[in-house]
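Protein chains in written order, with the UniProt record's numbering: chain X, 1 to 160; chain V, 1 to 504. Virtual Cβ for every residue (Gly too), placed ideally from N, Cα, C. Being a predicted model, the structure only gives us computed values, none of them experimental. What follows is a single structure, written as structure tokens, with notes after it.
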């Protein structure tokens, strides 16, 4: 099965759960006075759930015959192996790491580490450029956001 | 209108707003030049900055400046590298890149700048005429019509954004609408679909979603496929002059394409990309025989047409945003989100309630175009140096800015995990050839759509409003046709193709 139909299948499953909540569980919480309204909080989600399930089924069952344009797709998942998968995954992992370390580690350290490790993952080995650039950039961004825009960012790790 | 213009002039010419235009245009040009980063990603990255400014007119002026700058910068990389930074400037590379290869890079950039300037300025003039007219009509609209109009907008976007596959675009729009129902709605004081998570209480953040849908997958694709960020020595750019004869040759093209591009831009879902391709095709068809030969080999008309059209279309796309509050493209949808975050609701009342915003935006379009012409043209040889930033530094920085953007919007580290998760989903969707702009537009319009739907339901005590109000019914029929007709025609074309025996 092609990837786009798998995606449609996943969306279908999620929407079924969404629709189940909209049709069967949500209204139980509705206070009696609101039940006299012509519209309930679940009305719109019900409509959406039905429409989404229909559309997802159309794609899943291949009912819509799309024109086969034959054009080269922008990026092709069938050639995923040819792409530089490892740096991309490393960067994603780094982003998750950044999210986890930003609060305890402080902005300056987290950003510096992210930029250095990010460019390292992409194959940069010139440490004499990489380290100062990352350090300077983290400081400048912190200064702009914290001092100029006035949004508090904790610069140092929790123990300082 | 004169009064409004004067208010706009006084607002737009304040030091702060002038600086905003200049800064926006410069930032937009710089980043728009980088291949692979479209105006949507750039504006998404700039939104947190714009929102912290606090003043809505300054914020939208900044973002609008970034928008023109990005389109202008995109044409620079199309011409110099044949690597368009923005989809709207792909058509500019057809003739711009051959000109650069012939050593006329300077001339090509000048033509692009002049054409962009003319397209943008004429577009702004048309906007000044048509927006007030449209907004007087829009004042007669009822919440039922608004609901229907948004449905029309959404289905038009789905019909045009789908690459021959309307069902996918419709599905994405619906997913966006579904995501918009998460959290507490304005009309009902109860959390919905939060699964008991406190972090979802206020719904998904639109900035995070915008970053995850556009900036993150683009950056990941640059990593996955380094060929996308084609880098080359930009070479020396000199001889920026064009002759009087060349000027005379492109003047009618610019005139025609400004008007055509503007009206294409007004249509929901069409936008700069379609305008530029259509402009290129139209000009090629009406050119004389020997000029047609030139197209694709460095014709100045072939460069002027898409450049004019895409800038005029950018301006045109502001018409539905400012008068109806309904964005016609992904970029204006992001602008709408930013305005709502600043407590301004674009719509027909905008011109009456907050004329300084409405007119300041229009005036700033002129200033923005001037800035691009005066400031950027002489600086282009230096700005083009940005093309030689190594991607090893560029990509971590882009990712860092997306992280930063969604973090300072909410000051919440969970938001970053959401960003990465949604970014991965968006990348998968992109791999599966699902258009992402409809999702974001659906998400942004979702809240308003439901509010207007609920209001009309309450007024008419049920779905009677669809039948009672002929205009609503008419608009809903149009919306249905927009979705059904293209897929029906595709089906028939396919059936016909299968019916015909292939010649041997």
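* Assigned secondary structure, residue 19 (chain X) (DSSP; H/G/I helix, E/B strand, else coil) -> Note: residue 19 (chain X) maps to helix in three-state DSSP.
* **Of the listed residues X:89, X:28 and X:104, nearest to residue 121 (chain X) (C-alpha basis)** => Measuring from the Cα of residue 121 (chain X), the nearest candidate turns out to be X:89.
* To do: Give a yes or no on whether the C-beta atoms belonging to residue 361 (chain V) and residue 22 (chain V) are separated by under 8 Å.
  => No; because the gap between Cβ atoms is not below 8 Å, this pair is not in contact.
* **Residue range of the alpha helix (DSSP H) that includes residue 215 (chain V)** => Where residue 215 (chain V) is concerned, there is no enclosing alpha helix (DSSP H), given that its DSSP letter is neither H nor E.
* Are the C-beta atoms of residue 465 (chain V) and some chain X residue less than 8 Å apart? -> Not one chain X Cβ lies under 8 Å of residue 465 (chain V).
* Under 8 Å from the C-beta of residue 26 (chain X): neighbouring residues of chain V -> In chain order: 192.
* Interface residues of chain X facing residue 404 (chain V) [CB-CB closer than 8 Å] -> Those are 141 and 145, listed as they occur along chain X.
* **Per DSSP, the bridge partner or partners of residue 455 (chain V)** => According to DSSP, residue 455 (chain V) bridges with nothing at all.
* Nearest-angstrom Cα distance between residue 153 (chain V) and residue 101 (chain X)? -> Those two C-alpha atoms are separated by around 42 Å.
* Asked: Do we get a CB-CB distance below 8 Å when we pair residue 241 (chain X) with the residues of chain V?
  -> Given a span of 1 to 160 for chain X in the structure shown, any question on residue 241 (chain X) remains unanswerable.
* Asked: Excluding sequence positions up to five away, which residues of its chain have a Cβ less than 7 Å from the Cβ of residue 42 (chain X)?
  -> Sequence-distant Cβ neighbours of residue 42 (chain X) in its own chain, meaning closer than 7 Å and more than five residues away, are 22, 26 and 27.
* In angstroms, rounded to a whole number, what distance separates the CA positions of residue 223 (chain V) and residue 401 (chain V)? -> Distance between residue 223 (chain V) and residue 401 (chain V), taken at the CA atoms: about 16 Å.
* So, is the C-beta of residue 343 (chain V) closer than 8 Å to a C-beta in chain X? -> False, the Cβ-Cβ gap to chain X never drops below 8 Å.
* Asked: What does DSSP give as the partner residues of residue 191 (chain V) in its beta bridges?
  -> Bridge partners of residue 191 (chain V): V:184.
* Asked: Rounded to a whole number of angstroms, what is the C-alpha to C-alpha distance between residue 47 (chain X) and residue 176 (chain V)?
  -> Straight-line Cα distance between these residues: approximately 14 Å.
* Residues that residue 18 (chain X) contacts on chain V, provided the C-beta gap is smaller than 7 Å -> Below the 7 Å Cβ cutoff, chain V contributes 178 and 193 as neighbours of residue 18 (chain X), in chain order.
* Asked: Is the Cβ of residue 462 (chain V) closer than 8 Å to any Cβ of chain X?
  -> Output row for residue 462 (chain V): interface = yes.
* To do: Could you work out which residue in V:247, V:202 and V:171 is closest to residue 182 (chain V) when comparing CA atoms only?
  => Considering only V:247, V:202 and V:171, the residue with the shortest C-alpha distance to residue 182 (chain V) is V:202.
* Asked: For the segment 55-115 of chain V, which segments carrying the alpha helix (DSSP H) assignment without a break, of at least 4 residues, lie completely within its bounds, in sequence order?
  -> The alpha helix (DSSP H) runs of length 4 or more contained entirely in the segment 55-115 of chain V are, from start to end of the chain, 56-81 and 90-101.
* **Where residue 233 (chain V) sits in the DSSP three-state scheme** => Below a pLDDT of 50, predicted positions are generally treated as unreliable, and residue 233 (chain V), at 44, falls in that range; no measurement from the model is reported.
* How big is the Cα-Cα spacing for residue 232 (chain V) and residue 325 (chain V)? -> In this prediction, residue 232 (chain V) has a pLDDT of 47, which is less than 50 and means its spatial position is unreliable; nothing more can be read from the coordinates.
* Alpha carbon to alpha carbon, how far is residue 20 (chain V) from residue 375 (chain V)? -> About 14 Å.
* To do: Check the Cβ of residue 109 (chain X) against every Cβ in chain V and list those closer than 8 Å, keeping chain order.
  => By Cβ distance, chain V contributes nothing, its closest Cβ being about 14 Å from residue 109 (chain X), past 8 Å.
* Asked: Looking only at its own chain, which residues have a Cβ that is under 6 Å from the Cβ of residue 143 (chain V), when we skip the five neighbours before and after it?
  -> Excluding its 5 nearest sequence neighbours in each direction, residue 143 (chain V) has C-beta neighbours in its own chain below 6 Å: 452, 455 and 456, listed in chain order.
* At least one CB of chain X closer than 8 Å to the CB of residue 168 (chain V): is that the case? -> At least one beta carbon of chain X lies nearer than 8 Å to the beta carbon of residue 168 (chain V).
* Determine whether the Cβ of residue 23 (chain X) lies closer than 8 Å to any Cβ atom of chain V. => Not one chain V Cβ lies under 8 Å of residue 23 (chain X).
* Asked: Can you find a C-beta in chain V that's less than 8 Å from the C-beta of residue 9 (chain X)?
  -> Answer no: the Cβ-Cβ gap between residue 9 (chain X) and chain V never drops below 8 Å.
* How about residue 123 (chain X): is its C-beta nearer than 8 Å to some C-beta of chain V? -> So yes, residue 123 (chain X) belongs to the interface.
* To do: Determine the DSSP secondary structure at residue 166 (chain V), reduced to helix, strand or coil.
  => In the structure shown, the three-state DSSP call for residue 166 (chain V) is helix.
* Can a CB atom of chain X be found closer than 8 Å to the CB of residue 46 (chain V)? -> Contact of residue 46 (chain V) with chain X is not assigned, every C-beta pair being separated by 8 Å or more.
* 7 Å Cβ cut-off: residues of chain X touching residue 450 (chain V) -> By Cβ distance, chain X contributes 44.
* Selection from V:6, V:179 and V:359 that minimises the alpha carbon distance to residue 14 (chain X) -> When each option's Cα is compared against that of residue 14 (chain X), the closest is V:179.
* To do: Just the chain V side, please: which residues come within less than 7 Å of residue 103 (chain X) by C-beta, in chain order?
  => Below the 7 Å Cβ cutoff, chain V contributes 413 as neighbours of residue 103 (chain X), in chain order.
* To do: Give me the Cβ distance between residue 57 (chain X) and residue 3 (chain X), rounded to the nearest whole Å; I'm assuming they're in contact under 8 Å.
  => Contact flag wrong, Cβ pair sits at about 17 Å.
* To do: Could you name the residues of chain X that residue 458 (chain V) contacts, counting a contact when the two beta carbons are closer than 8 Å?
  => Against chain X, the beta carbon of residue 458 (chain V) has neighbours under 8 Å at 37, 38 and 39, listed in chain order.
* Can you give the Cα-Cα distance for residue 114 (chain V) and residue 250 (chain V), rounded to whole angstroms? -> The straight-line gap from Cα to Cα measures roughly 10 Å.
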